[in-house]
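Numbering (the working numbering), first residue to last: 9 to 69. Below: the structure, in structure tokens.
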């Protein structure tokens, strides 16, 4: 995949995530929805971190 295709794919992903997450106020729901969307992509490494106050939770696939 060349640079132009990567940029196009990331722009599409951003638009999809903005639509998917718009209006949702729950951080956990947004994290779950974004994770599901990212699972559709052929990425090698995905990791999410949820910060609640002083606590950091690392959520791994």
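Note that CB positions come from ideal geometry on N, CA and C, so glycine has one too.
- Apart from the 5 residues on each side of it in sequence, residue 64 sits with its Cβ closer than 7 angstroms to the Cβ of 57 in its chain, given in chain order.
- Per DSSP, residue 62 lies in no alpha helix (DSSP H) and is assigned neither H nor E.
- For residue 45, the closest alpha carbon among the candidates 14, 20, 10, 9 is that of 20.
- Our two residues, residue 49 and residue 13, have alpha carbons roughly 14 angstroms apart in a direct line.
- Separation of the CB atoms of residue 42 and residue 67 is rounded to 11 angstroms, and the pair is thereby denied contact status at 8 angstroms.
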